[in-house]
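**Student:** Numbering follows my numbering, with no gaps: position 112 of the sequence shown is 94.
Input: one structure, supplied below.
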Amino acid sequence: MAMRYRDQEFNLRQIISIGIDMLAKALWFALVLVTGSSLFGAVDSTMPDLVGNSGDGYSVKIFSQLSPLEINRIHSWHIEITDVGGRPVSNAQITVSGGMPDHDHGLPTQPQITEEIRAGTYLLEGMRFHMPGKWQIVIGFRLGNQLHSASIEFQL
-17 MAMRYRDQEF NLRQIISIGI DMLAKALWFA LVLVTGSSLF GAVDSTMPDL VGNSGDGYSV
43 KIFSQLSPLE INRIHSWHIE ITDVGGRPVS NAQITVSGGM PDHDHGLPTQ PQITEEIRAG
103 TYLLEGMRFH MPGKWQIVIG FRLGNQLHSA SIEFQL
């Protein structure tokens, strides 16, 4: 069975192949619309990748550009800090340190906070993990003269 279109002849197999290709492209487009930019490395999400608390009531949530976390890929985090009442903590001076306590070494990179992207949410750039195992991250933050920190342990 053949069909003609613009002086070209197509058989049934070609028509089905074209239809499947068009359907696949339409589904991909719909998926991109539904998921937004999350397919392209966005770090905003409703579920944090890591969570920690300071001993004095502050909460730290980490939203990673790579979710799940991966070995040997430099990536960024959004670090969200809230007080005991759940309010965003702005204008904090933040440090990030850590390493693998079982191997007695630190992070393979020196990640840096580069900006406060919205109230209480800070952009950390340059994060990387170079091997699987137990990791510990310490988020230190200064508010005026007060120092706070939250330690987060996780397995990669």
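From the three backbone atoms N, C-alpha and C, an ideal C-beta is built for every residue, glycine too.
#1: How is I53 classed by DSSP in three states: helix, strand or coil?
#2: In whole angstroms, what is the alpha-carbon distance linking P90 and G115?
#3: Going by beta-carbon coordinates alone, are P93 and G108 separated by less than 8 Å?
#4: Whose C-beta lies closer than 7 Å to the C-beta of A101 among residues of the same chain, with five residues either side of it excluded?
#5: Note down the Cα distance separating I44 from G126, rounded to an integer number of angstroms.
#6: Below 6 Å CB to CB, which residues in the same chain sit around S49 once its five sequence neighbours on both sides are set aside?
#7: Looking only at C-alpha atoms, which of L105, S46 and T28 sits nearest to F163?
#8: Nearest-angstrom Cα distance between E97 and Q(-10)?
#9: To which residues does DSSP link F111 through a beta bridge?
**Tutor:** Looking at the coordinates:
#1: coil
#2: Distance between the alpha carbons of P90 and G115: 14 Å.
#3: yes
#4: P70 and S72
#5: 23 Å
#6: Within the same chain, and ignoring the five residues on either side of S49 in sequence, the residues whose Cβ sits closer than 6 Å to its Cβ are D31.
#7: Nothing about residue 163 can be reported from this structure: the residues present for the chain run from -17 to 138 only.
#8: 58 Å
#9: In DSSP, F111 forms no bridge with anything.
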